[in-house]
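Heads up: the structure comes next, in structure tokens.
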Amino acid sequence: MSIIDKKNIILAFGNKEFNNSLIELKDHFNFNLQVIDNLKDIKNLKNYNGLIIHEDALSENGIKEILKNKNVNKIIFYSSKKLNGLENIERLSLPTSVDQINKIIINNIVKKEFKDNSSLKINNYKLDKNLRRLFKDELSLELTEKEIELIELLYKKTFVKKKEILSNIWKYSEDADTHTVETHIYRLRKKIKDVFKDEMFIKNEKKGYTI
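According to our numbering, the sequence shown holds residues 50 to 260 in order.
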């Protein structure tokens, strides 16, 4: 999906004047704009790549739950001198321009996509590919690039044979010795056991390795 096409759906809500202004400009935006007058009209936040919220809507019932939701980008458009308690949420001062709106929306979509692609939720663990670490509760483990690739491969497939791991991760032919795979999986298992006390993160079944 291109980050500057109309497939990115941005939901906006605020007072009537603000909503009408956005509707008049929607043909100039690099995203698909949908405007609502009432928070109750939101069916599922997962359907949207981001939210534009006018400061007047911050007093509406249900807005606090939306602001707490970390799975969707939020940008507050404001004209007040002070906007207290919302330091962690992106904001844009009014009046503004179409170029500025496009820029902040697209930048937020890019950052969100990068963040989503860099992190995997695996059972009770989180794999952060940027930090090259595996997290569980307050504990974390540093991983090599090959170990990250191995965990990703096992995560994406139900069962993976040794020769498939060898060809995908180490780019060896299927005729090569699978001892390399066994050695690396043994070392990774030991690292995980030492830190998380978990001997079942990677399982070796008849059909292959699995997480």
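Just so you know, even glycine gets a beta-carbon here, dropped at the ideal spot from N, CA and C.
In or out: residue i buried (at least 16 other Cβ within 10 Å) or exposed?
i: residue 137; result: exposed
i: residue 28; result: It is not possible to answer for residue 28, since the shown part of the chain is limited to 50 through 260.
i: residue 77; result: exposed
i: residue 228; result: exposed
i: residue 218; result: buried
i: residue 200; result: buried
i: residue 237; result: buried
i: residue 154; result: buried
i: residue 174; result: buried
i: residue 250; result: buried
i: residue 291; result: The first residue shown for the chain is 50 and the last is 260, placing residue 291 beyond what the model contains.
Residue i to residue j, Cα distance in whole Å?
i: residue 245; j: residue 204; result: 18 Å
i: residue 117; j: residue 135; result: 10 Å
i: residue 79; j: residue 152; result: 9 Å
i: residue 57; j: residue 148; result: 17 Å
i: residue 214; j: residue 121; result: 35 Å
i: residue 234; j: residue 144; result: 57 Å
i: residue 72; j: residue 168; result: 35 Å
i: residue 256; j: residue 86; result: 54 Å
i: residue 206; j: residue 243; result: 26 Å
Using 7 Å as the threshold, is the C-beta distance between residue i and residue j below it?
i: residue 197; j: residue 178; result: yes
i: residue 230; j: residue 252; result: no
i: residue 91; j: residue 61; result: no
i: residue 82; j: residue 59; result: yes
i: residue 126; j: residue 141; result: yes
i: residue 114; j: residue 88; result: no
i: residue 208; j: residue 259; result: yes
i: residue 157; j: residue 99; result: yes
i: residue 41; j: residue 189; result: Past the edges of the chain, shown from 50 to 260, lies residue 41, and the structure says nothing about it.
i: residue 68; j: residue 84; result: yes
Between which two residues does the alpha helix (DSSP H) containing residue i stretch?
i: residue 235; result: 228-245
i: residue 72; result: 65-74
Span of the beta strand (DSSP E) holding residue i?
i: residue 251; result: Element bounds for residue 251: n/a, residue is neither H nor E.
i: residue 62; result: 58-62
i: residue 101; result: 99-103
i: residue 85; result: 81-85
At 3 residues or longer, what runs of the beta strand (DSSP E) sit wholly inside the stretch 105-187?
123-127, 139-142, 168-171, 174-177, 182-185
Mind pulling the alpha helix (DSSP H) runs of 4 or more residues that sit fully within the stretch 192-221?
194-205, 211-218
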